[in-house]
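Chemist:
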Amino acid sequence: MRLSLLPSAAALLLWAAGGSSNTTNGNLEYPYHILEPAEIQCTGAALNATEVEIAKWKAIKWGMDNQVKPRTVGIWTYGNAAWWICNCKPKSDPVVEEELVDFQARLAEECGPNQSGWLVSFS
256 MRLSLLPSAA
266 ALLLWAAGGS
276 SNTTNGNLEY
286 PYHILEPAEI
296 QCTGAALNAT
306 EVEIAKWKAI
316 KWGMDNQVKP
326 RTVGIWTYGN
336 AAWWICNCKP
346 KSDPVVEEEL
356 VDFQARLAEE
366 CGPNQSGWLV
376 SFS
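Position one of the sequence shown corresponds to residue 256 (the numbering used here), numbered consecutively onward.
If you want it as structure tokens, here you go:
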């Protein structure tokens with residue numbers, strides 16, 4: 256699975272949670288990393304934290320009733336932020352809120368707050 260956060264205009268991947276919170280709904284805590292990354296890269300675009308959170312919420316809401324189909328990309332945008340999940344697997348993959356939170360935390364650690372980037376995970 257590949258997770259990304261980038262400016263939506265650049266059609267890239269996801270941003271990291273800007274350091275104001277490690278939660279998305281007020282009660283989801285970030286206790287440890289659950290993704291096993293093969294690679295994390297920063298892409299250098301500053302993103303709006305509110306727009307990132309709204310786009311993430313759209314992905315989570317969509318994922319409550321759907322899965323990312325095999326060998327396809329799910330994209331959720333708001334304003335200048337876009338969350339991308341590239342599913343390279345031969346089976347459908349769920350959108351897991353805890354994985355998105357983990358990705359945000361890792362990206363913030365690697366790239367700094369409110370920065371764009373991507374992570375590849377083979378888990």
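The beta-carbon is built from N, C-alpha and C at its ideal position, and this holds for glycine as well.
Keep in mind the model is a prediction, meaning the values are calculated, not measured.
Return helix, strand or coil for I340, following the three-state DSSP convention.
Modeler: It is a strand residue.
Chemist: Helix, strand or coil for G318, going by three-state DSSP, please let me know.
Modeler: Correct three-state label for G318: helix.
Chemist: In whole angstroms, what separates the C-alpha of W312 from that of F358?
Modeler: Distance between the alpha carbons of W312 and F358: 14 Å.
Chemist: Compute the Euclidean distance between the alpha carbons of V375 and I340, then round it to the nearest angstrom.
Modeler: Their backbone Cα atoms lie some 10 Å apart in a straight line.
Chemist: I believe A293 touches F377 by the beta-carbon criterion, under 8 Å. Please report the beta-carbon distance rounded to the nearest angstrom.
Modeler: Correct: roughly 6 Å between the Cβ atoms.
Chemist: How is E294 classed by DSSP in three states: helix, strand or coil?
Modeler: Three-state DSSP puts E294 in a strand.
Chemist: How about V350 and G299: are their beta carbons less than 9 Å apart?
Modeler: Against a cut-off of 9 Å, the Cβ pair of G299 and V350 comes out as no contact.
Chemist: Are E306 and Y333 touching if we call contact CB-CB under 9 Å?
Modeler: Yes.
Chemist: Who are V323's beta bridge partners in DSSP?
Modeler: D348.
Chemist: Could you check where the beta strand (DSSP E) with L374 kicks off and where it finishes?
Modeler: Start and end: 370 to 376.
Chemist: Which of the three DSSP states, helix, strand or coil, is assigned to S276?
Modeler: Low confidence applies here, because S276 scores a pLDDT of 31, under 50, leaving its location unreliable; read the following figure in that light. If DSSP states are grouped into helix, strand and coil, S276 belongs with coil.
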